[in-house]
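Participant: Here it is: the structure, laid out below.
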Amino acid sequence: DSGVTQTPKHLITATGQRVTLRCSPRSGDLSVYWYQQSLDQGLQFLIQYYNGEERAKGNILERFSAQQFPDLHSELNLSSLELGDSALYFCASSSDPGFSGVTTDTQYFGPGTRLTVL
Amino acid sequence: SQKIEQNSEALNIQEGKTATLTCNYTNYSPAYLQWYRQDPGRGPVFLLLIRENEKEKRKERLKVTFDTTLKQSLFHITASQPADSATYLCALGREEYGNKLVFGAGTILRVKS
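Protein chains in written order, with my numbering: chain F, 5 to 122; chain P, 7 to 119.
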């Protein structure tokens with residue numbers, strides 16, 4: 005058990021809908037990362053938050069957005085869903101703020117949310 | 007853009023042998039490289055991190071090498087066991103990029119008894 009929790013475990017929805025995925029980081033970790041893993045794309049970095057602020061951005065679609073709340077939990081919002089958005093969505097956390105000069109820490113991944121868009 | 011290549015074929019080996027997995031990269035100068043293990047339907051689990059100024063790192067039966075000239079990392083599991091069967095992912099990063107990891111597609115390892 006990594007200490008990172010994600011809800012829900014599974015989500016089935018229809019095209020055009022909007023969903024929210026939730027992540028609680030390990031106790032004490034200030035950084036939260038979101039990844040998408042699909043069969044044809046592998047694990048793709050979406051976005052990182054550190055202590056409530058956006059720190060780094062990957063190939064995140066404009067239809068997707070995220071935020072980190074004062075209690076450090078994070079939510080990933082996916083809207084106008086398409087069939088191609090079906091994937092496993094992972095959240096990871098670390099104590100690393102992710103800027104130059106700071107020793108890199110490992111990332112601890114949650115169990116993931118499996119999203120199926122029908 | 008950055009490209010990471012791992013063994014595209016699954017690696018099948020006999021129990022007790024050494025498994026060697028390869029991670030090659032282009033268009034990137036990572037400051038560090040990490041290896042993760044992922045079991046089906048579960049999140050990746052961190053195994054080892056090696057920095058650009060380190061040639062080799064060991065942890066129990068695991069060994070990682072990092073050759074920045076060849077742009078390659080090798081991941082070894084010695085005395086492999088069926089429980090080592092999983093997908094192994096390599097990931098590259100630089101602190102300047104906000105610890106944003108770039109992952110390879112992974113290599114499936116199957117250890118047969």
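For every residue, glycine included, the Cβ atom is placed at its ideal position computed from N, Cα and C.
Does the beta-carbon of Pro36 of chain P have 16 or more other beta-carbons within 10 angstroms, so that it is buried, or is it exposed?
Facilitator: buried
Participant: Checking contacts by CB at 7 Å: is Ala18 of chain F closer than that to chain P?
Facilitator: Not an interface residue.
Participant: Taking Cβ positions, are Ala91 of chain F and Leu80 of chain F nearer each other than 7 Å?
Facilitator: Going by beta carbons, Ala91 of chain F and Leu80 of chain F fall outside the 7 Å limit.
Participant: Could you tell me which chain P residues have their CB closer than 8 Å to the CB of Thr110 of chain F, listed as they occur along the chain?
Facilitator: Gln40, Phe52 and Leu55
Participant: At least one CB of chain P closer than 7 Å to the CB of Pro29 of chain F: is that the case?
Facilitator: no
Participant: How many Å lie between Leu119 of chain F and Pro29 of chain F at the Cα?
Facilitator: 20 Å
Participant: Using the three-state DSSP reduction, which class does Gly105 of chain F fall into: helix, strand or coil?
Facilitator: Per-residue confidence for Gly105 of chain F stands at a pLDDT of 49, beneath the threshold of 50, marking its modelled position as unreliable; the derived number appears in the next sentence. In this structure, Gly105 of chain F counts as coil in the three-state DSSP scheme.
Participant: What is the rounded straight-line gap between the Cα of Val8 of chain F and the Cα of Gln41 of chain F?
Facilitator: 17 Å
Participant: List the residues of chain F whose Cβ lies closer than 7 Å to the Cβ of Phe109 of chain P, in chain order.
Facilitator: Result: Gly46 and Leu47.
Participant: Identify the continuous beta strand (DSSP E) that holds His77 of chain F and give its terminal residues.
Facilitator: From DSSP, His77 of chain F is part of no beta strand (DSSP E); its letter is neither H nor E.
Participant: Does the beta carbon of Lys69 of chain P sit closer than 7 Å to a beta carbon anywhere in chain F?
Facilitator: no
Participant: Pairing CB atoms from the segment 59–70 of chain P with CB atoms from the segment 110–117 of chain F, are three or more of them under 8 Å?
Facilitator: Short answer: they don't touch.
Participant: Any idea what DSSP makes of Ala92 of chain P, helix, strand or coil?
Facilitator: strand
Participant: For Lys65 of chain P and chain F, any beta-carbon pair shorter than 7 Å?
Facilitator: no
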